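Undergrad: Quick one: the structure is below, questions incoming.
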Amino acid sequence: MLNVVECAAAAVAPIKNGSTVMIGGFGVAGQPVELIDALIEEGATDLTVVNNNAGNGDVGLAKLISLGRVRKIICSFPRQADSHHFDAKYHAGEIELEAVPQGNLAERIRAAGAGIGAFFTPTGYGTPLAEGKEVRELGGKMQILELPITADFSLTKAVTADTAGNLVYRKTARNFGPIMAAAATHSIVQVSNVVQRGQLDPEVVVTPGIYVDTVVAIDSPAVGQA
Amino acid sequence: MLNVVECAAAAVAPIKNGSTVMIGGFGVAGQPVELIDALIEEGATDLTVVNNNAGNGDVGLAKLISLGRVRKIICSFPRQADSHHFDAKYHAGEIELEAVPQGNLAERIRAAGAGIGAFFTPTGYGTPLAEGKEVRELGGKMQILELPITADFSLTKAVTADTAGNLVYRKTARNFGPIMAAAATHSIVQVSNVVQRGQLDPEVVVTPGIYVDTVVAIDSPAVGQA
Amino acid sequence: MTRMTRDRALSPEELAEVVAADIPAGAYVNLGIGQPTLVSNYLTPEDDVTLHTENGMLGMGAQAHGEEVDPDLINAGKIPVKETEGCSYFHHADSFAMMRGGHLDCCVLGAFQVDRNGNLANWHTGKPDAIPAVGGAMDLATGAKQTFVMMTLTAKNGQPKLVEECTMPLTGVGCVSRIYTDQAVFLIEGDGSVVVRETFGCDVEAVQELVPFALERA
Amino acid sequence: MTRMTRDRALSPEELAEVVAADIPAGAYVNLGIGQPTLVSNYLTPEDDVTLHTENGMLGMGAQAHGEEVDPDLINAGKIPVKETEGCSYFHHADSFAMMRGGHLDCCVLGAFQVDRNGNLANWHTGKPDAIPAVGGAMDLATGAKQTFVMMTLTAKNGQPKLVEECTMPLTGVGCVSRIYTDQAVFLIEGDGSVVVRETFGCDVEAVQELVPFALERA
């Protein structure tokens, strides 16, 4: 049942040491900035984080990493121009990295939400990222076996939630939001606004409320107009 | 590139003997009635059909079966009160049946469209429908290996297409439409109306145009109001 | 919640009311075709239970009648239904992913047989000439967090339906957690033991006579 | 289409124009980050080419500037872009399913190395202390119907980039079908042979000197 909370701190309060936390967003689009900040404040450590990247600059996920709170990161693209906090921890052997092709990352997250125990994919076959993985020829293609990525919590961002927990997103900020909310045992979503049941057209709901545990409305800086 | 044709006959003309054809719909909702009728007229035989059922009454898929045009059917629920044409052909040994749990049917169709070579699922483990399938314990559950269901053609129904091929559906008539259009090499869709590019909100498109090859606008009997 | 005392075997409607009372507030639930559908009649708005139908809808409403009927809005039994506020639509793979991914709190299914290990047989009588038709039963039985069975305790021919080991082809392995019958409610413990939670119009001894293995008392 | 004759090695912009001319009308295309992005400048409305960006959009438009910038609308390189008429949005798994399911007609990628069997290395230099960062490159290389590479024929240090066998960690196996370089366009035949389709500002002999295996002539 949906829990609508008053502030980001209350939303992330259940996250305990040792949790696996999926964090949505691709670049700034869909990044749950205020939830990440609340997680930094809240203090949970020894975290495994699932994100497309490994933090940028000095804030958000980068700050969480710099504080030594992340034990392991599962992502597709850790190395960036401004991923210096991750880079330093990685070279110091203080953070574990599981680098995953972005499509395998998305499909493995989807598999966790969809009850798929494992799947074969051609992506990654013959590359260092397939080392140690089971290989099989299927449909005339060499494929590797990939496992679901599950999580205790997900932190994602949508634009509007209704009081049934249904979510709609905005443009490319949708990205990992729907699949992470479905994959996590406890999904936490920040939205710009919460409306009453019946205010969202059932045809356009992207994430049905069954996947949403906690919603918090946060006044985000105004976004541009399309 | 999208091909908008004038009539159902032109839409199904490419379907040749021996083709595998997915047909959308769950009950009457989403059933591409006019496309099925055109396929009956068009004459292709030795077909493999993928549908949730095996025909009802004396029209549509039931008629196609009664005419001896279907070599094999892949479906979840063949036996119904009015599936007498299928029942007769089946008991006469004149049609091959692959009975698939409905969720495995949907997921196997999705896998074909998504480039997944095979997947493990708990559904069906320990049942007669898993006989001969590979079994493995994953995530503490016994699971079976399922392969994608591909098709040469799909016949589905949506409510509106734009000239880029984007589709939106109506209520529970959505059902198998999006996954069948994505899985088939050549997807054929009947819609109630075609609008210009830009007339559908990009946030609410359910099937992006990349999955749609042929569209035909057909005046269907008016549907009820929500 | 106070358990009602009853002095006779229950009608399907009465049993549906017992099942409805056991569904937690706020739950997401799928009710199988047939007798389980009756459960929806005993869910109140205060229960805030959301119904899933596997043909692509969450927040399914009551059966539609007359002018409310919309051919594009039906349930898994192909019966016209209505919307509820807060409902949503999705395609078949997303709908079954919801079920198979363990997101439904509970499903209620009918059964031919259930055995002491929670194995379920409800899709195929096992007759050699029967046409296999499974629909979504295997996905529901295996995918929901809890699978409740609603059935009569014995078949029309008097044969037990709660058995030592299913003889009919299985729908799912070890998936049933509770059995609601006209004469008693049973809890499947997972270690082969089955507890009689309550009886209707008879005592545990009478129920025991209809079940071919030793039952546990609550 | 008439092939232009050129009398010198091509600039990245000129090469992008060559690639654009080879993309069939009506194609669905993904352009990799960096030099491949230039190709979009040479696609005309008449080409009716639809661009995919793996962060969840089909029908991606041109780069956004000034007041057009919307932080919720970016491409895979995290650069603000615009919509086109007929565009659509979807989540990451749906976006990669589109790519991995073989629905894109073509993708254009940069490369560190390509070898005669179409193996591609473009994500990792192989240095032991390098942090592996692959993004969507492996999905694109393996998933698109055709993978085109755009690169200089030799690295800055003069080393060949079209090689007998890749020495850097692979991105994909046998996935490249054409290589567009500043000095020539190559067709990968799949049997280990590589055909020089055209040269820019040099003859085939000069190109052969920069490639460590025997090339075929068109």
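Here the protein sequences come in this chain order: A, B, C and D.
Take -12 as the starting number for the first sequence in this note's numbering and just add one per residue.
Take -12 as the starting number for the second sequence in this note's numbering and just add one per residue.
Take 1176 as the starting number for the third sequence in this note's numbering and just add one per residue.
Take 1176 as the starting number for the fourth sequence in this note's numbering and just add one per residue.
By construction, the Cβ of each residue, glycine as well, lies at the ideal position given by its N, Cα and C atoms.
Keep in mind that this is a model prediction, so the values were computed, not measured.
1. Quick one: what's got a C-beta closer than 7 Å to Cys1341/C's C-beta in the same chain, skipping five residues either side?
2. Return no unless some Cβ of chain A is closer than 9 Å to the Cβ of Met1274/C.
3. Can you name, in chain order, every residue of its own chain whose Cβ lies under 7 Å from the Cβ of Ala209/A, other than the five neighbours on each side?
4. State buried or exposed for Gln212/A, treating a residue as buried only when at least 16 other CB atoms are found within 10 Å of its CB.
5. Near Lys59/B, which residues of its chain fall below 6 Å by C-beta distance, leaving aside the five closest residues on each side in sequence?
6. Quick check: what's the CA-CA separation for Met1232/D versus Ile197/B?
7. May I ask which residues mark the beginning and end of the beta strand (DSSP E) holding Asp139/B?
8. Report yes if the CB atom of Asn162/A is closer than 9 Å to the CB atom of Asn1230/D, and no otherwise.
9. Would Gln1339/C count as contacting chain B if we go by Cβ distances under 9 Å?
10. Glu1188/C lies in the alpha helix (DSSP H); which residues open and close that run?
11. Which first and last residues belong to the alpha helix (DSSP H) in which Leu48/A is found?
12. Please list the partners that Val181/B has in chain D, where partner means a Cβ-to-Cβ separation under 7 Å.
13. Would you list, in sequence order, the uninterrupted alpha helix (DSSP H) runs of no fewer than 4 residues that lie entirely inside the region -10 to 31 of chain B?
14. Could you round the C-beta distance between Ile61/A and Ile166/A to whole angstroms and report it? I think they count as a contact, below 8 Å.
15. Under a Cβ-count criterion, where at least 16 other Cβ atoms within 10 Å of its own Cβ denotes burial, should His72/A be classed as buried or exposed?
16. Can the beta-carbon of Val1371/C be found closer than 9 Å to that of Arg1392/C?
17. Contact criterion: CB-CB distance below 9 Å. Does Tyr77/B meet it with respect to chain D?
18. Take Ala16/B and list the residues in its own chain whose beta-carbon comes closer than 6 Å to its own, dropping the five residues that flank it on each side.
19. Just to confirm the assignment: which complete alpha helix (DSSP H) runs, minimum length 4, are found wholly within the region 83 to 155 of chain A?
20. Give the residues of chain B in contact with Ser1352/D, contact being defined as C-beta atoms less than 7 Å apart.
21. If you count every other CB in all the chains shown that lies within 10 Å of the CB of Glu28/B, and 16 or more means buried, which is it?
22. Going by DSSP in three states, Ala1381/C sits in which element: helix, strand or coil?
23. If distances are taken between C-alpha atoms only, which option among Asp1314/D, Val1386/D, Pro1199/D and Tyr1217/D comes closest to Leu1190/D?
24. Where does the unbroken alpha helix (DSSP H) through Met76/A begin, and where does it stop?
25. In this structure, what does DSSP give as the bridge partners for Arg1275/C?
26. Between which residues of its own chain and Tyr1397/D is the CB-CB distance below 7 Å, once the five residues before and five after are set aside?
27. Smallest Cα separation from Glu1158/C: which of Ala1319/C, Val1193/C, Leu1248/C and Pro1187/C?
28. Given that a residue counts as buried once 16 or more other Cβ atoms are within 10 Å of its Cβ, and exposed if not, what is Cys(-6)/A?
29. Would you decide whether Glu133/A is buried or exposed? Buried here means 16 or more other CB atoms lie within 10 Å of its CB.
30. Would you list the residues sitting across from Leu1233/C in a DSSP beta bridge?
31. Hey, is Phe1287/C's beta-carbon within less than 9 Å of any beta-carbon in chain B?
32. Name, please, each residue of chain B whose Cβ falls closer than 7 Å to the Cβ of Ser1215/D.
33. Where does Gly211/A sit, in a helix, a strand or coil, going by DSSP?
34. Check the Cβ of Phe1265/D against every Cβ in chain B and list those closer than 7 Å, keeping chain order.
35. Out of Leu51/A, Val(-1)/A, Thr147/A and Ser53/A, which has the shortest C-alpha to C-alpha gap to Arg184/A?
36. Do you know whose CA, among Thr1212/C, Leu1362/C, Ala1239/C and Ala1330/C, lies nearest Val1321/C's CA?
TA: In brief:
1. Along the third sequence, read from residue 1 onward, the residue named residue 1341/C stands at position 166. The answer, listed in chain order, is Gln1288, Asp1290, Asn1294 and Ala1296.
2. Locating residue 1274/C in the third sequence gives position 99, where the first residue counts as 1. Chain A, which has a Cβ nearer than 9 Å to the Cβ of Met1274/C, makes this yes.
3. Looking up residue 209/A in the first sequence gives position 222. Annotation note: pLDDT 45 at Ala209/A (below 50); position unreliable, coordinate value reported separately. Around Ala209/A: no qualifying Cβ.
4. One-based indexing of the first sequence puts residue 212/A at position 225. In this prediction, Gln212/A has a pLDDT of 37, which is less than 50 and means its spatial position is unreliable; what the coordinates show is noted afterwards. Classification for Gln212/A: exposed.
5. Position 72 of the second sequence, counted from the first residue, corresponds to residue 59/B. For Lys59/B, where only same-chain residues beyond five positions count, the Cβ hits under 6 Å are Thr35 and Glu83.
6. Along the fourth sequence, read from residue 1 onward, the residue named residue 1232/D stands at position 57. Along the second sequence, read from residue 1 onward, the residue named residue 197/B stands at position 210. Going by the C-alpha atoms only, they are around 11 Å apart.
7. Position 152 of the second sequence, counted from the start, is the residue given in the question as residue 139/B. Secondary structure note for Asp139/B: its beta strand (DSSP E) is the uninterrupted segment Ala138 to Lys144.
8. The residue labelled residue 162/A in the question sits at position 175 within the first sequence. The residue labelled residue 1230/D in the question sits at position 55 within the fourth sequence. Note that the C-beta distance between Asn162/A and Asn1230/D is below 9 Å.
9. Numbered from its first residue, the third sequence carries residue 1339/C at position 164. Reading off the sequence, residue 1339/C comes out as Glu, not Gln. Not one chain B Cβ lies under 9 Å of Glu1339/C.
10. The count along the third sequence starts at 1 and reaches residue 1188/C at position 13. Counted as a single uninterrupted DSSP element, the alpha helix (DSSP H) harbouring Glu1188/C occupies residues Pro1187 to Asp1197.
11. On the first sequence, position 61 is the one that residue 48/A refers to. That run of the alpha helix (DSSP H) goes Leu48 to Ser53.
12. Position 194 of the second sequence, counting from 1, holds the residue named residue 181/B. Under the 7 Å cutoff, chain D gives no residues; its nearest Cβ is about 12 Å from Val181/B.
13. If we require 4 residues or more, the alpha helix (DSSP H) runs fully inside the region -10 to 31 of chain B come out as -5 to -1 and 20 to 29.
14. As a first step, residue 61/A must be located in the first sequence, where it is residue number 74. As a first step, residue 166/A must be located in the first sequence, where it is residue number 179. About 14 Å; that fails the 8 Å criterion.
15. Here residue 72/A corresponds to residue number 85 of the first sequence, with the count starting at 1. Only buried fits His72/A, as 16 or more other CB atoms lie within 10 angstroms of its CB.
16. Mapped onto the third sequence, residue 1371/C falls at position 196. Mapped onto the third sequence, residue 1392/C falls at position 217. Yes, Cβ-Cβ distance for Val1371/C and Arg1392/C is below 9 Å.
17. The count along the second sequence starts at 1 and reaches residue 77/B at position 90. Taking Cβ atoms only, chain D never reaches closer than 9 Å to Tyr77/B, which makes this a no.
18. As a first step, residue 16/B is located in the second sequence; it is residue number 29 there, counting from the start. Closer than 6 Å at Cβ, skipping near neighbours: Thr159 and Ala160.
19. Listed in chain order, the complete alpha helix (DSSP H) runs (minimum 4 residues) inside the region 83 to 155 of chain A are 89 to 101.
20. Looking up residue 1352/D in the fourth sequence gives position 177. Those within 7 Å of Ser1352/D in chain B number zero; the least Cβ separation is about 18 Å.
21. Here residue 28/B refers to the residue found at position 41 when the second sequence is read from its first residue. By the 10 Å Cβ count, Glu28/B comes out exposed.
22. Here the question's residue 1381/C lines up with position 206 in the third sequence. It is helical.
23. Here residue 1190/D is taken as the residue at index 15 of the fourth sequence, counted from 1. Taking Leu1190/D as reference, the option from Asp1314/D, Val1386/D, Pro1199/D and Tyr1217/D with the minimal CA-CA separation is Tyr1217/D.
24. Taking the first residue of the first sequence as 1, we reach residue 76/A at position 89. Per the sequence presented here, residue 76/A reads as Lys, with Met not at that position. Segment His71 to His78, the alpha helix (DSSP H) holding Lys76/A.
25. The residue you call residue 1275/C lines up with position 100 of the third sequence. Answer is none; Arg1275/C lacks a bridge partner.
26. An answer regarding residue 1397/D cannot be provided, because it is not within the stretch 1176 to 1393 covered by chain D.
27. Residue 1158/C is absent from the structure shown; chain C starts at 1176 and stops at 1393.
28. Counted from its first residue, the first sequence places residue -6/A at position 7. Cys(-6)/A is classed as exposed because its beta carbon has fewer than 16 other beta carbons within 10 Å across all chains shown.
29. As a position in the first sequence, residue 133/A is number 146, starting the count at 1. Burial call: buried.
30. Translated into the one-based positions of the third sequence, residue 1233/C becomes position 58. DSSP output for Leu1233/C lists His1227/C and Ser1263/C as bridge partner(s).
31. As a position in the third sequence, residue 1287/C is number 112, starting the count at 1. Proximity of Phe1287/C to chain B, defined by a Cβ-Cβ separation below 9 Å, is not satisfied.
32. Within the fourth sequence, the letter at position 40 stands for residue 1215/D. Within chain B, no residue has its CB atom less than 7 Å from the CB of Ser1215/D, the nearest being about 17 Å off.
33. As a first step, residue 211/A is located in the first sequence; it is residue number 224 there, counting from the start. Bear in mind that the predicted position of Gly211/A carries a pLDDT of just 40, short of 50, making it unreliable; the figure below should be weighed with that in mind. Judged by DSSP in its simplified three-state form, Gly211/A adopts coil rather than helix or strand.
34. Reading the fourth sequence from its first residue, position 90 is the one you call residue 1265/D. Close to Phe1265/D, with beta-carbon spacing below 7 Å, are these residues of chain B in chain order: Pro195.
35. Numbered from its first residue, the first sequence carries residue 184/A at position 197. Closest by alpha carbon: Thr147/A.
36. As a working note, residue 1321/C is residue 146 in the third sequence. One detail in the question is off: residue 1321/C reads as Gln in this sequence, not Val. Measuring from the Cα of Gln1321/C, the nearest candidate turns out to be Leu1362/C.
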